[in-house]
Each structure stands twice: as structure tokens, then as C-alpha cells.
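Visitor: Under this note's numbering, residues 120 to 381 are what the sequence shown spells out, in order.
One structure, pasted below without further comment.
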Amino acid sequence: VINTTTQNNYNYPSPSYSTIMVNIPSTCLASAIFFTIASSMIESVESSSLLRRQLCEQRYEEKTAVFKRFDNGWYWGKIVNFDSKSCKYMILYEDNYAFEYEDGDELDEMIAEAVNPEQLVPLDTMVYNLYEDGWWQGYVESYDPEERLYTVRYNGDGETEEYVEGDEEFYEILDNAVPPQIYPLGVSAYKEFGEGWSLGWITEYNEEDNTYEVTFEVDDHSEEYPADDPELEEIIDAVYTVGMVNEQAEMEDEVSEDESAN
């Protein structure tokens, strides 16, 4: 019988798989993995930078108009420079402030607003403007989308004023009539009592219960009105209807008396 088992003539231990494999220290293995990943990342960044430089083309020409809203209102601007290295546009606004913007969605929206602007303030929105002779109530009568121009007509005398979108004064007169306090302190009211019509003013606003206090000239009389009380709106509107009619009548009487005296 032939023994086919391999004999070790030198009595050395038979090699095993574990003894013939190269035993690489874990720190070296980690370093190798790290450098492999790092090299891959560097190649990726270099490729991305190259691609970005290749794709960094100026899509918008200088003097292209933009329209952007800031905390204090809307402002017109225009592109004044393009940096091909950073892919950024320099925009100069109408108030002489300049900012840089990357070529992206925000810039696209700003240009779209200038090309096809939307009406931001609805027609018939109420406003209040303070003049030398007191508060005057008005409303947004019309809007010109090409010029981004709002026309406000004031009650009583019917005079109009135009405001460009983004005008700080325009937002001020809008804010003066923003709920819950839609009537500023000092707004005039006109009410008929037993002895005739009396002029009054809003002298106090209570935010907790949303009420107004109106003080009239007659006997320094004060009355309280909830904000949604129709009578409050009536006595304020009366300033521009009954009140101005009465004033006009009084002026005509004075003229008649002067003519009679002469």
C-alpha cells in the first residue's frame, strides 16, 4: 500500500495559510485607505472645479434690470459686472448699494420680477397719509405694470398721488392702515348730535379688546367703538362727505355775507 500523504523530511511544521499571508499592520491599512479616498476626493474636486470653470458663462449682459424686495421695500437694480472666476454678478441698486449674487435661482427670480412684475398691492387697499392739516384716508385706485406705478386717490378732495413700487413712503401709508389698528391716532370723525354735527378725533386705541376711543368737540365728549362697529366707519367717512359739504356751505355763506356787506 502506497502512502500518498506528503511527508516532511525535515520535520518543519507544515505551512498554513495564516503563516504565508502578509500581515499588514492596521495603521498602515488605514493610511492606505485614507490616501486612496483623499486622492479620489481631490480628483473629484478638481473635476468639479474644471467643470464649473467650463460652465461659468455669462448668461446675463450688463445693464440687465433686476427687481428685489428687501426689508424696507422693493428696489430696482441693474447688473454692472460679471466675475468669470467666481461666477458672480455685481448688482447696483437705485440707492447706490451694490451686492454680489451667484448665478442661480435667486438671480433668475430677480430678473423675472423686473421683466414680468406682479402687482403686489391689490386695488382698493386702504391707506392713511399724514398731511399738515391732519390724516387723510385714501385707497389704491390703479396700477401700471409697465411703470410699476400705483395711483392713490384720497377721499374728500379726490386728489391723487403716484407711488413707484418700492417707494418707502408708499409702504408707510400702507402700514398706517394695517390691521388690527387700521385707524391711526388723530384720525378725524364727524358725528351728528342733538345740537348739530360735531368734529372728533380718535384719541386712543385699545389693542386688547380692539376698540377705539373717539373724543368729540361738543362738551369734550368721548365714545368707545369696537373696530368692527359700522358706525365707526360711518363717522370717519362722514368727514369726507357731510363734513366737507358743511365746510363748503359755510365758506359759501361767508362769501355771500361779504358780498352783501360790500
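A virtual CB, placed ideally from N, CA and C, is assigned to each residue, including glycine.
Quick caveat, the model's predicted, so the values are computed rather than measured.
Within the same chain, show all residues whose beta-carbon is closer than 7 Å to that of residue 361, passing over the 5 residues directly before and after it, in chain order.
Guide: As a working note, residue 361 is residue 242 in the sequence shown. Around residue 361: 309, 316.
Visitor: Mind checking whether residue 201 and residue 232 have CB atoms under 8 Å apart?
Guide: As a first step, residue 201 must be located in the sequence shown, where it is residue number 82. As a first step, residue 232 must be located in the sequence shown, where it is residue number 113. Taking 8 Å as the Cβ cut-off, residue 201 and residue 232 do not qualify as a contacting pair.
Visitor: Quick check on residue 199: does DSSP put it in helix, strand or coil?
Guide: Sequence index remark: in the sequence shown, residue 199 carries index 80 (1-based). Strand.
Visitor: Would you call the region 328 to 340 in contact with the region 292 to 311, where contact means no fewer than 3 C-beta pairs closer than 8 Å?
Guide: Output reads yes: the region 292 to 311 touches the region 328 to 340.
Visitor: Quick one: what does DSSP say residue 299 is sitting in, helix, strand or coil?
Guide: Taking the sequence shown and counting its residues from 1, the one referred to as residue 299 is at position 180. If DSSP states are grouped into helix, strand and coil, residue 299 belongs with coil.
Visitor: Grab the span of the alpha helix (DSSP H) containing residue 227 for me, first residue to last.
Guide: As a working note, residue 227 is residue 108 in the sequence shown. Residues 224 to 234.
Visitor: Going by DSSP in three states, residue 122 sits in which element: helix, strand or coil?
Guide: Reading the sequence shown from its first residue, position 3 is the one you call residue 122. Interpretation of residue 122 is limited by its pLDDT of 46, a score under 50 that renders its predicted location unreliable; no figure is taken from the coordinates.
Visitor: When we look at the beta-carbon of residue 215 and count the other beta-carbons within 10 Å, is it buried (16 or more) or exposed?
Guide: Taking the sequence shown and counting its residues from 1, one reaches residue 215 at position 96. Exposed is the call here.
Visitor: Using the DSSP secondary-structure output, state which residues sit across from residue 187 in a beta bridge.
Guide: As a first step, residue 187 is located in the sequence shown; it is residue number 68 there, counting from the start. Residue 187 pairs with 194.
Visitor: Between residue 279 and residue 251, which are expected to be in contact by the criterion C-beta below 8 Å, what is the C-beta distance as a whole number of angstroms?
Guide: What you label residue 279 is simply residue 160 of the sequence shown in a count that begins at 1. What you label residue 251 is simply residue 132 of the sequence shown in a count that begins at 1. Wrong, their Cβ atoms sit about 18 Å apart, outside the cutoff.
Visitor: Between the C-alpha atoms of residue 243 and residue 293, what's the straight-line distance to the nearest angstrom?
Guide: To locate residue 243, count along the sequence shown from 1; it is residue 124. To locate residue 293, count along the sequence shown from 1; it is residue 174. Cα-Cα distance, rounded: 11 Å.
Visitor: Using the rule of at least 16 other Cβ atoms within 10 Å of the residue's Cβ for burial, across every protein chain shown, is residue 217 buried or exposed?
Guide: Taking the sequence shown and counting its residues from 1, one reaches residue 217 at position 98. The residue is exposed, with fewer than 16 neighbouring Cβ atoms inside 10 Å.
Visitor: Return the chain-ordered ranges of every beta strand (DSSP E) run that is complete within the region 244 to 289 and spans a minimum of 3 residues.
Guide: Listed in chain order, the complete beta strand (DSSP E) runs (minimum 3 residues) inside the region 244 to 289 are 245 to 250, 253 to 263, 268 to 273, 279 to 283.
Visitor: If you run the structure through DSSP and keep just helix, strand and coil, what is residue 345?
Guide: Indexing the sequence shown from 1 puts residue 345 at position 226. Looking at residue 345 - three-state DSSP - the assignment turns out to be strand.
Visitor: Would the region 261 to 268 count as touching the region 283 to 298 if we require 3 or more Cβ pairs under 8 Å?
Guide: The region 261 to 268 vs the region 283 to 298: in contact.
Visitor: Give me the residue from 239, 275, 221, 304 with the minimum Cα distance to residue 176.
Guide: As a working note, residue 176 is residue 57 in the sequence shown. Checking every option, the nearest Cα to that of residue 176 belongs to 221.
Visitor: Residues in the same chain with beta-carbon distance under 6 Å from residue 342, minus the five sequence neighbours each way, listed in chain order, please.
Guide: Position 223 of the sequence shown, counting from 1, holds the residue named residue 342. Cβ neighbours of residue 342 beyond the five flanking positions: 333.
Visitor: I believe residue 300 touches residue 273 by the beta-carbon criterion, under 8 Å. Please report the beta-carbon distance rounded to the nearest angstrom.
Guide: For this step, residue 300 is matched to residue 181 along the sequence shown. For this step, residue 273 is matched to residue 154 along the sequence shown. That pair is no contact at about 20 Å.
Visitor: Residue 295: buried (16+ other C-beta within 10 angstroms of its C-beta) or exposed?
Guide: Reading the sequence shown from its first residue, position 176 is the one you call residue 295. Under this definition residue 295 is a buried residue.
Visitor: When burial is assigned at 16 or more other CB atoms within 10 Å of the CB, is residue 319 buried or exposed?
Guide: Translated into the one-based positions of the sequence shown, residue 319 becomes position 200. Classification of residue 319: buried, given that the 10 Å Cβ count is 16 or more.
Visitor: Could you tell me the alpha carbon to alpha carbon distance between residue 209 and residue 193, rounded to whole angstroms?
Guide: Here residue 209 corresponds to residue number 90 of the sequence shown, with the count starting at 1. Here residue 193 corresponds to residue number 74 of the sequence shown, with the count starting at 1. Their backbone Cα atoms lie some 18 Å apart in a straight line.
Visitor: When the distance is taken between beta carbons, is residue 207 closer than 8 Å to residue 197?
Guide: As a first step, residue 197 must be located in the sequence shown, where it is residue number 78. As a first step, residue 207 must be located in the sequence shown, where it is residue number 88. Not in contact: residue 197 and residue 207 (Cβ atoms no closer than 8 Å).
Visitor: Please go through the same chain and pick out, in chain order, the residues whose beta-carbon is closer than 6 Å to the beta-carbon of residue 212, but skip the five residues on each side of it.
Guide: Residue 212 sits at position 93 when you count from the first residue of the sequence shown. Here the set comprises 194, 196.
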